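Enquirer: Protein chains in written order, with the numbering used here: chain L, -2 to 278; chain D, -2 to 278. Sending over a structure as structure tokens; questions will come in a sec.
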């Protein structure tokens, strides 16, 4: 199945906009899970519980690879087991590799082997720095999705992304236009824009149009305000995917029932997002 | 020791400009090495032979991580063994992680753990897309180097890197200026600019000055002409590092003695580069 079909099917049918960030760094996994387990077992066990608590509201799972790589082969083993488990049990949920990378040619072929064939992701998130060569290798295959970081959430994202071009556009606008108008040959590409820069997020929606999926991140701990998402949900209010990582997966900290806390946080996030999505512009 | 001191010591004393790209993709390792070995053993064995054949001309080793990640845990195990071997036997040679990535905050801390603590690299190569947040975490530690991709070698590198800004500069010039004038607080940062865009490489040298190390790639198989490096070697002709990957490590293919072929190619590359370095501008 085409990646984008898988993603939009899920957005169209689930009545949710939640992307769950499975950033399960081992050092923050609760002790009662870790006890008596290897690192990879603990990660896998934690993730299975997170999935049980969130799969009914998760349009997609997004995984920041560095959080697993940091724990070496054990970390990657935990990630691999998690993705195999997801494919076996929830094949309808797209898996996004938050990799913040960019590669081309032979290296891109190797990356495809690692991320899609080895780790079973459905989509890779990439910086646009090296241009179209970055995405070609992935988009040849209909089942592979690519998300381009158009404007990120971090304090210095503006340094280059907001730089003014000769023709009056900002750089992120040029990137968004390139994605929407030149790179989107088979529909398997979409964009990421952070909620901590609401003006740029809004402008990104204007540029890519109502049909393209936007993934936004940075609501909550990073300072993005959910109210800023009003009017940005795209066609039928179903083309915005909103990530929650720490605010969901660690929501059980200090609670009597850890994973009930996770479930409550995910459901509350869904509800809050649906309320905003239903508001007129 | 400060990373940059380690790198410039080596450039000052070795009488070489060669950076050897240890891009030892398993599928291209010769059969006589692979025979009877696991993937990680074959990679490690191949790399040890490459190191024996090149360490006397290698200012640094640069490793494209995707070529190892593509072969899963075995690939990374081969890489880890290689870097441990290099640290034990050739601690004076800097190890560069060609990662084409960019991360910040907690993810950057995790990446540091993976790349510097786990895999023993001395330097990480990063895209500038997310701004200064990308490099902060690494440059806090004096022993960590960062190289920023200012202008790459690939055909579509121009798409964004050469885009014209309101103030008349090109984007890659703005990045090079940012690196040289704002980000270089403790001297542990340098730049990468590809030899397939000679004008931009020359302009990069003008911007960063004679003292900063430039790493250039793309000579040979990718189409960069060694003659274009004339005049770009920096202070005392010792601030340019020129990468050779495939043209060195696979130079033994079809030869009677594979690693003699590798050694010959590395030494020829050193000689060719030295001849250009010694020419007046």
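Yeah, the Cβ is synthetic: ideal placement off N, Cα and C, and Gly gets one too. Owing to the predicted nature of the structure, the values given are computational and were not obtained by experimental measurement.
Decide yes or no for the touch test of the region 42 to 50 of chain L against the region 74 to 85 of chain L: beta carbon pairs closer than 8 Å, at least 3 of them.
Expert: yes
Enquirer: Determine the closest residue to residue 59(L) out of 21(L), 257(L), 206(L) and 179(L), with distance taken between C-alpha atoms.
Expert: 21(L)
Enquirer: Our contact map puts residue 202(L) next to residue 170(L) with C-beta atoms below 8 Å; I'd like the distance itself, whole angstroms only.
Expert: Going by Cβ atoms, the distance from residue 202(L) to residue 170(L) rounds to 12 Å, so no, they are not a contact pair.
Enquirer: Could you check where the beta strand (DSSP E) with residue 359(L) kicks off and where it finishes?
Expert: This structure cannot speak to residue 359(L), because chain L is shown only from -2 to 278.
Enquirer: For residue 268(D), does the three-state DSSP call read helix, strand or coil?
Expert: helix
Enquirer: Buried or exposed: residue -2(D), going by 16 or more other Cβ atoms within 10 Å of its Cβ?
Expert: exposed
Enquirer: Is the region 16 to 33 of chain D touching the region 63 to 70 of chain D, taking contact as three or more C-beta pairs under 8 Å?
Expert: yes
Enquirer: Just to confirm the assignment: which complete alpha helix (DSSP H) runs, minimum length 4, are found wholly within the region 116 to 157 of chain L?
Expert: 130 to 136
Enquirer: How close, in whole Å, do the beta carbons of residue 124(D) and residue 95(D) come, if the pair is a contact with beta carbons under 8 Å?
Expert: So it is not a contact: roughly 12 Å between Cβ atoms.
Enquirer: Looking at C-alpha atoms only, which residue of 37(L), 33(L), 220(L) and 136(L) is the closest neighbour of residue 181(L)?
Expert: 136(L)
Enquirer: Taking Cβ positions, are residue 217(L) and residue 191(L) nearer each other than 8 Å?
Expert: no
Enquirer: Using only the alpha-carbon positions, how far apart do residue 282(D) and residue 186(D) sit?
Expert: Chain D is shown from -2 up to 278; residue 282(D) falls before or after that span and cannot be answered.
Enquirer: Where are the beta strand (DSSP E) runs, 3 residues long or more, that stay fully inside the region 25 to 102 of chain D, in chain order?
Expert: 55 to 61 and 92 to 98
Enquirer: Is it buried or exposed for residue 233(D), if we count other Cβ within 10 angstroms and need 16 for buried?
Expert: Its Cβ having fewer than 16 others within 10 Å, residue 233(D) is exposed.
Enquirer: What in chain A is Cβ-close to residue 162(D), meaning under 9 Å?
Expert: Going by chain labels, chain A is absent from the structure shown, which instead holds the protein chains L and D.
Enquirer: Return the CA-CA distance between residue 6(D) and residue 131(L), expressed in angstroms with no decimal places.
Expert: Answer to the nearest angstrom: the Cα atoms are 35 Å apart.
Enquirer: List the residues of chain D whose Cβ lies closer than 7 Å to the Cβ of residue 122(L), in chain order.
Expert: What residue 122(L) touches in chain D: nothing, since even the nearest Cβ is about 11 Å away.
Enquirer: Count the other C-beta atoms from every protein chain shown that fall within 10 angstroms of the C-beta of residue 161(D), then say buried if there are 16 or more, exposed otherwise.
Expert: exposed
Enquirer: Between the C-alpha atoms of residue 245(D) and residue 259(D), what's the straight-line distance to the nearest angstrom?
Expert: 5 Å
Enquirer: Going by DSSP, what residue range makes up the beta strand (DSSP E) through residue 190(L)?
Expert: 186 to 190
Enquirer: Determine, for residue 146(L), whether the minimum Cβ-Cβ distance to residues of chain D falls below 8 Å.
Expert: Answer yes: the Cβ-Cβ gap between residue 146(L) and chain D drops below 8 Å somewhere.
Enquirer: Just the chain D side, please: which residues come within less than 7 Å of residue 10(L) by C-beta, in chain order?
Expert: What residue 10(L) touches in chain D: nothing, since even the nearest Cβ is about 32 Å away.
Enquirer: Could you check whether the Cβ of residue 7(L) sits closer than 8 Å to any Cβ belonging to chain D?
Expert: Answer no: the Cβ-Cβ gap between residue 7(L) and chain D never drops below 8 Å.
Enquirer: Name the DSSP beta bridge partners of residue 212(L), please?
Expert: Answer is 189(L) and 238(L), bridged to residue 212(L).
Enquirer: If I measure Cβ to Cβ from residue 172(D) and keep anything under 6 Å in the same chain, skipping five residues before and after, which residues do I get?
Expert: 125 and 147
Enquirer: Any residues in the region 46 to 71 of chain L with a beta carbon nearer than 7 Å to a beta carbon of chain D? Which ones, in chain order?
Expert: Within the region 46 to 71 of chain L, contact with chain D at the beta-carbon level (separation under 7 Å) is assigned to 61, 63, 64, 66, 67, 69 and 70.
Enquirer: List the residues that DSSP assigns as beta-bridge partners of residue 4(D).
Expert: In DSSP, residue 4(D) forms no bridge with anything.
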